[in-house]
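Structure record follows, encoded as structure tokens.
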């Protein structure tokens, strides 16, 4: 018997049914068919929808009460320099509040952003590890201080000790009219801007610090290998990479500056007027005006305050929307430019 004829028989090809099943189910590949994933997806989607519903409800409430107030207002709501909703007839406007809110926030940002970015760069690229950790800890403590404490410190310490600065500004920059000082108390928009700058400095510093720490190490090492100095490394690698992060941090700080209430109310003079000089007492902000007059306001007065709150709500949305547009244009956030 020839044994080789049996051992050399061709092996049969595998049946198509023996092949592993195709993984064409996209939902199974994404894992959304699992109960835990479906629950998490539902909670996430519901949370997003809930936020939109809450925002829409707030906007609807503010709009309804604002329409009632503006309908009774006998003056121009946007250009009037008077706030007398209980008068006969009621006359009130937000011109002073818009001016005070914008000016104090701009002063705060002009002071806080450069200082905050400088502190963040010092912590991440210059200071020794222990010193940087200590400074970061102090900055974190500043962020935890309540607003009322800042207000007390501003009213009892900051305001009485600004005479020297105000006198210097009046001597050298008083000719501009913006820094002209008549020797009065320092309860002005400039003082409010300084206080707000101190309050928003921890927010901008902490966010900027974390962004600068995310700079790819290879970018810095490549710049150093080419002979760049420490400042050139920061200018060419760190700042371009963290630009969008600094913008986001600044917008967070600006949001607090726009809506700060008690600290501003304790420092700013209650005079409802506009002065060409930033050092003169007077002015007002939306949040400060609402906080100081809401408890004693009548029904009409509260509607007027809610109308001013609607304007602040719109300003905040526009600021955040503008920040998002600026960040969206920075597609190279994932890398640095030379």
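Residue numbers (my numbering): 294 to 631. Yeah, the Cβ is synthetic: ideal placement off N, Cα and C, and Gly gets one too.
{"Check": "Would you tell me roughly how many angstroms separate the C-alpha atoms of residue 618 and residue 591, rounded to the nearest one?", "Outcome": "40 Å"}
{"Check": "If the criterion is Cβ atoms closer than 8 Å, does the pair residue 457 and residue 500 meet it?", "Outcome": "no"}
{"Check": "Tell me which same chain residues have a C-beta within less than 6 Å of the C-beta of residue 613, skipping the five on either side of it?", "Outcome": "none"}
{"Check": "Do residue 540 and residue 616 have their C-beta atoms within less than 8 Å of each other?", "Outcome": "yes"}
{"Check": "With three or more C-beta pairs closer than 8 Å as the rule, is the stretch 448 to 466 touching the stretch 474 to 492?", "Outcome": "yes"}
{"Check": "Do residue 599 and residue 359 count as a contact pair if the criterion is CB distance below 8 Å?", "Outcome": "yes"}
{"Check": "Tell me the rounded alpha-carbon separation between residue 433 and residue 403.", "Outcome": "21 Å"}
{"Check": "My understanding is that residue 580 touches residue 493, with C-beta atoms under 8 Å, so please give their C-beta distance in whole angstroms.", "Outcome": "Incorrect: roughly 14 Å between the Cβ atoms, too far for contact."}
{"Check": "When you compare only the Cα positions, how much space is there between residue 518 and residue 542?", "Outcome": "31 Å"}
{"Check": "How many angstroms separate the CA atom of residue 479 from the CA atom of residue 418?", "Outcome": "38 Å"}
{"Check": "Looking at C-alpha atoms only, which residue of 572, 574, 570, 601 is the closest neighbour of residue 586?", "Outcome": "601"}
{"Check": "Just confirm the distance between the C-beta atoms of residue 597 and residue 385, as a whole number of angstroms; I'd bet it's less than 8 Å.", "Outcome": "5 Å"}
{"Check": "Is the distance from the Cβ of residue 557 to the Cβ of residue 604 below 8 Å?", "Outcome": "no"}
{"Check": "Apart from the five residues on each side of it in sequence, which residues of its chain come closer than 6 Å, Cβ to Cβ, to residue 291?", "Outcome": "Absent from the structure is residue 291, since the part of the chain shown begins at 294 and ends at 631."}
{"Check": "Can you tell me whether residue 634 is buried or exposed? The criterion is at least 16 other CB atoms within 10 Å of its CB, across all chains shown.", "Outcome": "With the chain represented from 294 up to 631, any question about residue 634 goes unanswered, as that position is not in the structure."}
{"Check": "Taking Cβ positions, are residue 584 and residue 554 nearer each other than 8 Å?", "Outcome": "yes"}
{"Check": "With a threshold of 16 other CB atoms inside 10 Å of the CB of residue 512, please say whether the residue is buried or exposed.", "Outcome": "buried"}
{"Check": "Kindly indicate which three-state DSSP category residue 316 falls into: helix, strand or coil?", "Outcome": "Residue confidence for residue 316 is low, a pLDDT of 48 falling below 50, so the modelled location carries little weight; the figure read from the coordinates is stated next. Residue state, collapsed to three classes: coil."}
{"Check": "Can you tell me whether residue 381 is buried or exposed, with buried defined as 16 or more other CB within 10 angstroms of its CB?", "Outcome": "exposed"}
{"Check": "Can you have a look at residue 495 and say buried or exposed, based on whether 16 or more other CB atoms are within 10 angstroms of its CB?", "Outcome": "buried"}
{"Check": "Leaving out five residues before and five after residue 498 in sequence, what residues of the same chain have Cβ atoms less than 7 Å from its Cβ?", "Outcome": "409, 412, 413, 432"}
{"Check": "Please report the distance separating the alpha-carbon of residue 346 from that of residue 367.", "Outcome": "34 Å"}
{"Check": "Could you check if residue 629 is buried or exposed, using at least 16 other CB atoms within 10 Å of its CB as the buried criterion?", "Outcome": "With a pLDDT of only 41 at residue 629, under 50, the local geometry of the prediction cannot be trusted, and the value read off the model is given with reservation. So residue 629 ends up on the buried side."}
{"Check": "Going by other Cβ atoms of all chains shown within 10 Å of its Cβ, with 16 needed for buried, is residue 502 buried or exposed?", "Outcome": "buried"}
{"Check": "So does residue 449 have its beta carbon nearer than 7 Å to some heavy atom of the ligand NAD?", "Outcome": "Annotation note on the ligand NAD: not contained in the displayed structure, which lists no ligands."}
{"Check": "Which same chain residues, not among the five before or five after residue 559, have their C-beta less than 6 Å away from its C-beta?", "Outcome": "444, 448"}
{"Check": "One question on the structure: do residue 529 and residue 378 come within less than 8 Å of each other, judged by their Cβ atoms?", "Outcome": "no"}
{"Check": "For residue 384, which three-state DSSP category applies?", "Outcome": "strand"}
{"Check": "Can you say whether residue 332 is buried or exposed, counting buried as having 16 or more other CB atoms within 10 angstroms of its CB?", "Outcome": "exposed"}
{"Check": "Return the chain-ordered list of same chain residues with a C-beta closer than 7 Å to the C-beta of residue 621, the five sequence neighbours on each side being excluded.", "Outcome": "none"}
{"Check": "Helix, strand or coil for residue 574 per DSSP?", "Outcome": "strand"}
{"Check": "Where residue 533 and residue 415 are concerned, what is the direct C-alpha to C-alpha distance, given to the nearest angstrom?", "Outcome": "17 Å"}
{"Check": "Would residue 297 be called buried (16 or more neighbouring beta carbons within 10 Å of its own) or exposed?", "Outcome": "Low local confidence applies: a pLDDT of 46 at residue 297 is under 50, so the model's placement there is unreliable, and no value is given."}
{"Check": "Where does residue 568 fall in DSSP's three states?", "Outcome": "coil"}
{"Check": "Which runs of the beta strand (DSSP E) spanning at least 3 residues fall entirely within the stretch 351 to 411, listed in chain order?", "Outcome": "none"}
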